[in-house]
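*Asks:* Here's a structure for you.
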Amino acid sequence: SSQKENIVENEVRNNLYDEQIAFVAKGEAAYETSSSLISAQLLGDEERIATAAIACDLGTNHLLQARLLSSSFTEGSGGLTQTSLNDMSKISEIEDKLKKSSNSFRAAISANEVVAPAWCGLGCALSGTDPLL
-11 SSQKENIVEN EVRNNLYDEQ IAFVAKGEAA YETSSSLISA QLLGDEERIA TAAIACDLGT
49 NHLLQARLLS SSFTEGSGGL TQTSLNDMSK ISEIEDKLKK SSNSFRAAIS ANEVVAPAWC
109 GLGCALSGTD PLL
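Taking my numbering, I'd label the letters of the sequence shown as residues -11 to 121.
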């Protein structure tokens, strides 16, 4: 009975993670739309600053999605660490989100290299895969 309760508890927790991820993912689309509008509306330094800010926000959005995905099936999310095929697909999703996050932070830095949050975000996005961090 205790194991069954743990399974139900994990399913509820995973549903909550799925809802959080879906909510955060809505912001991703808004940032991407903003990015395309900025290049059509602004010029020079204004475009560079706005592009860096949006790219940094998009990187943060992808990083949060990766963290939520990771939290949804790792140890500490209920104690059952059995890895299912569904979990394995989440691993590739996490890698994809981290790559998108890194690329967005790099785009922000490329647009305006004094954006400190982009440098910090890049370090956070790379910390799990880069042995030097």
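Built from N, CA and C at the ideal position, the CB exists for glycine as well.
Going by C-alpha to C-alpha distance, which of Gln(-9), Asn49, Glu20 sits closest to Gly109?
*Replies:* The option with the nearest alpha carbon to Gly109 is Asn49.
*Asks:* Compute the beta-carbon to beta-carbon distance between Ile(-5) and Tyr19, rounded to the nearest angstrom, for a pair I have assumed lies under 8 Å.
*Replies:* Contact doesn't hold; Cβ gap of about 36 Å is too wide.
*Asks:* Identify every run of the beta strand (DSSP E) within the stretch -4 to 60, keeping only runs that are complete inside it and at least 3 residues long; order them along the chain.
*Replies:* List check, beta strand (DSSP E) in window: nothing returned.
*Asks:* Within a Cβ cutoff of 7 Å, which residues of the same chain sit near Asn100, ignoring the five residues on either side of it in sequence?
*Replies:* Cβ neighbours of Asn100 beyond the five flanking positions: Arg36, Ile37, Ala40.
*Asks:* For Trp107 and Val0, what's the separation of their Cα atoms in angstroms?
*Replies:* Going by the C-alpha atoms only, they are around 36 Å apart.
*Asks:* Kindly indicate which three-state DSSP category Leu120 falls into: helix, strand or coil?
*Replies:* In the structure shown, Leu120 sits in coil (DSSP, three-state: anything other than H, G, I, E or B).
*Asks:* For Leu57 and Glu16, I'd like the C-alpha separation in whole angstroms.
*Replies:* When rounded, the distance between both Cα atoms is 15 Å.
*Asks:* When the Cα of Lys88 is compared with those of Leu46, Glu34, Ile9, which residue comes out closest?
*Replies:* If we check each option's Cα against that of Lys88, Leu46 comes out closest.
*Asks:* Glu101 by DSSP, collapsed to three states: which one?
*Replies:* The answer is coil: DSSP assigns Glu101 none of H, G, I, E or B.
*Asks:* Here's a check: name, in chain order, each residue in its chain whose Cβ is nearer than 6 Å to the Cβ of Asn2, leaving out the five neighbours to either side.
*Replies:* Only Ser60 meet the Cβ criterion.
*Asks:* How would you call Ser97, buried or exposed, if buried means at least 16 neighbouring beta carbons within 10 angstroms?
*Replies:* First, the residue type needs correcting, since residue 97 is Ile and not Ser in the sequence shown. By the 10 Å Cβ count, Ile97 comes out buried.
*Asks:* In three-state DSSP terms, what is Ser115?
*Replies:* Residue state, collapsed to three classes: coil.
*Asks:* Just checking my contact of Val12 with Leu52 at CB under 8 Å: how many whole Å lie between their CB atoms?
*Replies:* Confirmed, about 5 Å.
*Asks:* Buried or exposed, going by whether 16 or more other CB atoms sit within 10 Å of the CB of Ile9?
*Replies:* Classification for Ile9: buried.
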